[in-house]
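Student: Take 124 as the starting number for the sequence shown in the numbering used here and just add one per residue. Using N, Cα and C, we set each Cβ at its ideal position, and we do this for glycine too. If you're wondering where the values come from, they're calculated on a predicted model, not measured in any experiment.
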Amino acid sequence: DGTEPLDVVWLGRRSIVGIEPGRRIIASGRVAMSHGRRVLFNPTYELRPLGKE
124 DGTEPLDVVW LGRRSIVGIE PGRRIIASGR VAMSHGRRVL FNPTYELRPL GKE
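(1) If distances are taken between C-alpha atoms only, which option among ARG161, PRO172, GLY141 comes closest to VAL132?
(2) Using the Cα positions of PRO128 and ILE149, report the straight-line distance between them to the nearest angstrom.
(3) Considering only C-alpha positions, which residue in the set ASN165, MET156, GLU169 is nearest to GLY85?
(4) Find out if the Cβ-Cβ distance for the pair ARG146, LEU170 is shorter than 8 Å.
(5) Do the CB positions of THR167 and SER151 come within less than 8 Å of each other?
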């Protein structure tokens, strides 16, 4: 629901075109716990337009 912070991790990928620090995305998938933190592993995602909230 967007109220809790979580980490988003793509396993086996060094980088993904268009994703960089501060870029907004909509990600979905199964949330898991890893080392006490919420994590989305290999989610489906949509890049949000730059400069838009």
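Tutor: Well, looking at it:
(1) The candidate whose alpha carbon is nearest that of VAL132 is ARG161.
(2) If you draw a straight line from the Cα of PRO128 to the Cα of ILE149, it is about 13 Å long.
(3) Any question about residue 85 goes unanswered here, given that the chain covers just 124 to 176.
(4) Yes.
(5) Yes, Cβ-Cβ distance for THR167 and SER151 is below 8 Å.
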